[in-house]
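Per the numbering used here, the sequence shown starts with residue 66, numbered consecutively.
These notes concern the structure reproduced below.
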Amino acid sequence: MRAALICIDKPGALQTRLENREAHLAHIAASGVVEMAGPFLDESGAMTGSLVILSVASMDEARAWAAADPYAKAGLFQSVAIREWKKVIG
């Protein structure tokens with residue numbers, strides 16, 4: 066199954082994102098379950114959140130991945146939604 070993580074950063078938390086970006090990318094690489102990922106951007110091009118598509122066996126696995134994300138551990142996110150997602154195109 067696929068799960069979409071829709072993560073919105075806390076206002077003014079860009080420095081937290083930048084300080085934890087390398088660890089976040091290492092988590093993505095080490096996990097082997099991320100199909101697609103990238104930041105949301107504001108009008109000026111600054112990163113303001115994340116969209117991560119996981120290929121996992123269960124929603125519990127998706128929740129565990131999200132909880133282990135260095136961004137989450139650093140308190141970057143204002144909100145995180147995890148939804149099952151069906152790929153149709155692409």
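Beta carbons: idealized from backbone N, C-alpha and C, even for Gly.
Proximal residues to Thr113 (C-beta, below 6 Å), its chain only, five neighbours per side dropped: Asp74, Phe105 and Asp107
Span of the beta strand (DSSP E), counted from its first residue to its last, around Ser115: Met112 to Ser120
C-alpha distance - Asp134 paired with Val153, whole-angstrom precision: Near 27 Å, if we compare the C-alpha coordinates of Val153 and Asp134.
Pairwise C-alpha distance: Leu70 and Val145: 7 Å
Arg82 classed as buried or exposed, judged by whether at least 16 other C-beta atoms fall within 10 angstroms: Result: buried.
Sequence-distant residues of the same chain with beta carbon closer than 6 Å to Ser157, five excluded per side: Outside the displayed span of the chain (66 to 155) sits residue 157, for which this structure offers no information.
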